[in-house]
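Asker:
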Amino acid sequence: MKTLIEFINEKQAEVPFATGDLTRLLNDIGIAAKIVHRDVNKAGLTNILGYEGGMNVQGEEQKKLDVFANKHFTEALQHGSQVAAIASEENDKIVVFDNPNSKNGKYVAALDPLDGSSNIEVNVPIGTIFSIYRRKSEIGEEADENDFLQPGREMVAAGYVIYGSSTMLVYSTGNGLNAFTYDNSVGLFLLSHNGMKIPEQGGIYSINEANYIYFPEGVKRYIKHCQVDDPTTKRPYKSRYVGSLVSDFHRNALVGGIFMYPGNLKKPLGKLRLLYECAPMAFLAEKGGGKASDGFHRILDIQPQSIHQRSPLFIGSKKMVEKAEKYMQDYSGEFHDTIENEGVVEV
Ligand code: AHM
Ligand code: MG
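Quick note on the working numbering: the sequence shown kicks off at 19 and runs consecutively.
1. Please determine, among LEU44, LYS305, ILE320 and TYR349, the residue with the shortest C-alpha to C-alpha distance to TYR125.
2. List the whole-angstrom C-beta distance separating TYR240 from TYR151, where the pair is believed to meet the contact cut-off of C-beta under 8 Å.
3. Span of the beta strand (DSSP E) holding LEU129?
4. Report all residues from its chain with a CB closer than 8 Å to the CB of LYS154; omit the five preceding and five following residues, and keep chain order.
5. Taking just the CA atoms, how far does TYR189 sit from LEU132?
6. With a cut-off of 8 Å on the beta carbons, I'd call PRO298 and ILE147 a contact; round off their distance for me.
7. Counting C-beta neighbours from all protein chains within 10 Å, is the total for ILE366 16 or more, i.e. buried, or is it exposed?
8. In terms of residues, what are the limits of the alpha helix (DSSP H) holding LYS29?
9. Kindly say whether THR251, judged by its beta-carbon, lies nearer than 8 Å to any beta-carbon of chain D.
10. If I follow the unbroken alpha helix (DSSP H) through GLY281, where does it start and stop?
11. Over what stretch of residues does the beta strand (DSSP E) that includes ALA50 continue unbroken?
12. Can we count LYS289 as close to the ligand AHM, meaning its CB is less than 7 Å from some heavy atom?
13. Starting from the Cα of VAL264, find the closest Cα among ASN109, PHE86 and LEU129 and give me that residue.
14. Nearest to LEU89 by CA position, among ALA50, SER136, PHE35 and ASN59, is which residue?
15. Among residues of its own chain, excluding the 5 on either side of PRO34, which ones have a beta-carbon nearer than 6 Å to its beta-carbon?
16. To which residues does DSSP link ILE180 through a beta bridge?
17. May I ask you to report which of helix, strand or coil DSSP gives LYS242?
18. Quickly, what does DSSP pair GLY334 with across the bridge? List them, please.
19. Since PHE35 sits in a beta bridge, which residues does DSSP pair it with?
20. Mind reading off the beta-carbon distance from GLY306 to ILE216? Whole number of angstroms is fine, and I expect it under 8 Å.
21. Can you tell me whether GLU304 sits near the ligand MG, meaning its C-beta is under 7 Å from at least one heavy atom of the ligand?
22. Between PRO322 and LEU293, what straight-line distance do the alpha-carbon atoms span, to the nearest angstrom?
23. With distances taken from each beta carbon to the nearest heavy atom of the ligand MG, which residues come in below 5 Å, in chain order?
24. Using the DSSP secondary-structure output, state which residues sit across from LEU209 in a beta bridge.
25. If distances are taken between C-alpha atoms only, which option among HIS55, SER210 and PHE115 comes closest to GLY145?
26. Give me whichever residues DSSP pairs with TYR223 in a beta bridge.
Written as structure tokens, this is what we have:
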């Protein structure tokens, strides 16, 4: 059995002139993941469920576990000093680490410390999403927001941790997608999926269909395409929606499927944040042979304008994402559609 640390070290040895900074950084993320795993697992027993009392920048109430996970990932990255600054869903502004070692850090990290927090109370899988970029500002100077405003294709590494029926850490530094399952008894992440491949075509679609009447025409028609009875193409597909991006993505990545959070009449750019939700998952999707799009453009080519910017997301099996894009492009104007609430009759 290969441990996460052994695997990361082996990968480092394959890169000539690697300094080990990224290796140390990934190790630190693994440690923070273990701490969050520990507390997520006994969440019902400790006083860690419920709301913290604060709001994040998007006006969402912060749960105690959101704040806890944010603290532990921030501390792990700060102590490691390979990272000069972080951007997080839970912080309005970037956090610049001002100790002298961190100023010399080559990297910045964008995080969603606890994604899917609406599921915490009900014991449904949640996750942590992380992404790492090489900073643009001078090493030795303070990092700034521009260090984060890079298209996803510039990413050095990304990953997620899923706290599910088992806890897994899935990451890529650009070559393939690898997953490690946490063995509680020895306290180690062990390699369980070496070179994960996302099936080109799957049989699952995941979307919050409660928003149906507000969806662009392209999404409505794609949903109907998924529901057509045609056994030769395995349709109708199954509908599965956890409401936790990491879980929905992880399932679809393993067995094939598409996850969608499109723009809608109420939220033209959807809900998910480009920098620390869509882009890292898009990086991982592509490294596993899948695809990620906003319906019109490759997610990894979108230039972020601000750290909390949102983006529509279509992600998963390549052929399914391509089909959804085709429906979007044939039936919906770019991003902003005027959609009627047609056919809604209250009884
Ligand atoms: P969060 O970061 O506040 O937890 O929100 C992101 C989550 C995603 O994990 C999930 O895909 C989505 O919100 C679900 O949203 P909705 O409840 O609108 O379907
Ligand atoms: Mg989130």
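Built from N, CA and C at the ideal position, the CB exists for glycine as well.
All figures in this text were calculated on a predicted structure; none of them were measured in a lab.
Answerer: Taking the definition as stated:
1. Start at 1 with the first residue of the sequence shown, and residue 125 comes out as number 107. The shortest Cα separation from TYR125 among LEU44, LYS305, ILE320 and TYR349 belongs to LEU44.
2. What you label residue 240 is simply residue 222 of the sequence shown in a count that begins at 1. What you label residue 151 is simply residue 133 of the sequence shown in a count that begins at 1. Rounded, the Cβ-Cβ distance is 32 Å, inconsistent with contact.
3. Translated into the one-based positions of the sequence shown, residue 129 becomes position 111. First-last of the beta strand (DSSP E) with LEU129: 125–133.
4. Taking the first residue of the sequence shown as position 1, residue 154 is located at position 136. So the qualifying residues of the chain are ASN164, ASP165 and GLN168.
5. What you label residue 132 is simply residue 114 of the sequence shown in a count that begins at 1. What you label residue 189 is simply residue 171 of the sequence shown in a count that begins at 1. If you take the alpha carbons of LEU132 and TYR189, they lie about 16 Å apart.
6. Counting from 1 along the sequence shown, the entry for residue 298 is found at position 280. Counting from 1 along the sequence shown, the entry for residue 147 is found at position 129. At roughly 5 Å, the Cβ-Cβ gap stays under 8 Å, so PRO298 and ILE147 are in contact.
7. Residue 366 lies beyond the stretch modelled for the chain, which goes from 19 to 365, so this question has no answer here.
8. Position 11 of the sequence shown, counted from the start, is the residue given in the question as residue 29. Its alpha helix (DSSP H) spans residues 22–31.
9. The structure shown has no chain D; it contains just one protein chain.
10. On the sequence shown, position 263 is the one that residue 281 refers to. Counting along the chain, GLY281 falls outside any alpha helix (DSSP H), and DSSP gives it neither H nor E.
11. Reading the sequence shown from its first residue, position 32 is the one you call residue 50. Unbroken run through ALA50 is the alpha helix (DSSP H), 39–59; no beta strand (DSSP E).
12. By one-based count along the sequence shown, residue 289 stands at place 271. True, at least one ligand heavy atom lies under 7 Å from that Cβ.
13. Walking along the sequence shown from the start, residue 264 turns up at place 246. With distances taken between Cα atoms, VAL264 lies closest to LEU129.
14. Translated into positions along the sequence shown, residue 89 becomes position 71. The question names Leu, but residue 89 in the sequence shown is Lys. With distances taken between Cα atoms, LYS89 lies closest to ALA50.
15. Here residue 34 refers to the residue found at position 16 of the sequence shown. Result list for PRO34: empty, nothing under 6 Å.
16. Taking the first residue of the sequence shown as position 1, residue 180 is located at position 162. According to DSSP, ILE180 bridges with GLY145 and MET186.
17. Taking the first residue of the sequence shown as 1, we reach residue 242 at position 224. The answer is helix: DSSP assigns LYS242 an H, G or I state.
18. Mapped onto the sequence shown, residue 334 falls at position 316. Beta-bridge pairing links GLY334 to ILE276 and LYS309.
19. Working through the sequence shown from its first residue, we reach residue 35 at position 17. DSSP output for PHE35 lists no bridge partner at all.
20. Numbered from its first residue, the sequence shown carries residue 306 at position 288. Numbered from its first residue, the sequence shown carries residue 216 at position 198. GLY306 to ILE216, Cβ: 4 Å. Contact.
21. Translated into the one-based positions of the sequence shown, residue 304 becomes position 286. No, the ligand MG has no heavy atom inside 7 Å of this Cβ.
22. In the sequence shown, counting from the first residue as 1, residue 322 sits at position 304. In the sequence shown, counting from the first residue as 1, residue 293 sits at position 275. So the two alpha carbons sit approximately 7 Å from each other.
23. ASP130 and ASP133
24. Position 191 of the sequence shown holds residue 209. Beta-bridge pairing links LEU209 to PHE198.
25. Indexing the sequence shown from 1 puts residue 145 at position 127. Measuring from the Cα of GLY145, the nearest candidate turns out to be HIS55.
26. Here residue 223 corresponds to residue number 205 of the sequence shown, with the count starting at 1. Answer is SER257 and ILE276.
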